[in-house]
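Read the structure below first, then the notes.
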Amino acid sequence: MRLENTTSWRAGWSSENEIDVALYIRDALALSVSEGQVLPPVEPQVPVHVPAGIDRAAVQAQWADWWVDLLAFLRNREDPDPRSPRSRYGRPALAQGSAMRQALDIFGPAAARHFANARGPALRGAGEPSGGTPWAPGFYRRQIVAGERLGQLVREAEVRLGRRAYPFRLNVIEISVAGSIWLRTADDQLLVSSRLAEDGPGLEAVLRGVIDELV
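This is how it looks when you write it as structure tokens:
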């Protein structure tokens, strides 16, 4: 969802199914990742399970490049609205029959069920009812609050600097991993855990640092 669109800057806050599936596969197959790609385990925990027919070693060899390409795809698509039509899982270049493609087809439905069932009780905001759409009310509340605070932080920086903000774009992706963490994967892309998104002062400190670099 686009949160701000002015002549000088644009920011978005989203939750991406492709990211969910990627992290689910990482945990389900207990894949190792490079230092720059380290994130905590999915919350709630994903049980390790290697289905028959899955070549874990081949998925291990392909996962890191696919993760990098996926993040680049999400950064570079023109419309940050996750409801816009696009290829399933976001990356059309995966060859049919590849180990990574097979893992996506096998784990994709399980990942969707995992997050749909878990997000409600695990990440529900204070005072939200236990029934209804899992996770959505809390997510949209965090999305709105973050959008308002982003605008305030940019305006504060403009006043402090005595000029308009330089043109920039920022894409914040909320992820369901353990702990209150964040990972800046590019100048214009930030991964934020749902726990950190619920922590107003903690999230503000992270966003302020990023905004100060961009404006």
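In the working numbering, the protein residues as written are 68 to 282.
Where is the CB? At the ideal position from N, CA and C, for every residue including glycine.
All of these numbers come straight from a predicted model, not from anything done at the bench.
Beta-bridge partners assigned by DSSP to L250: L258. Judged by beta-carbon spacing, S261 lies within the 7 Å limit of E241, meaning their Cβ atoms are closer than that value. Between L237 and A78, the beta carbon gap of about 4 Å places them in contact (Cβ cut-off 8 Å). Around the C-beta of R227, fewer than 16 other C-beta atoms lie within 10 Å, and the residue is accordingly described as exposed. Here G229 carries a coil assignment [DSSP, helix/strand/coil].
Apart from the 5 residues on each side of it in sequence, D122 sits with its Cβ closer than 6 Å to the Cβ of A166 in its chain, given in chain order. Spatial neighbours of Q127 in its own chain (CB-CB distance under 8 Å, excluding positions within 5 residues in sequence) are listed in chain order as L96, L98 and S99.
In the structure shown, G79 falls within a strand segment according to DSSP collapsed to helix, strand and coil. In the DSSP annotation of this structure, the continuous segment of the alpha helix (DSSP H) that includes V126 starts and ends at R123 to N143.
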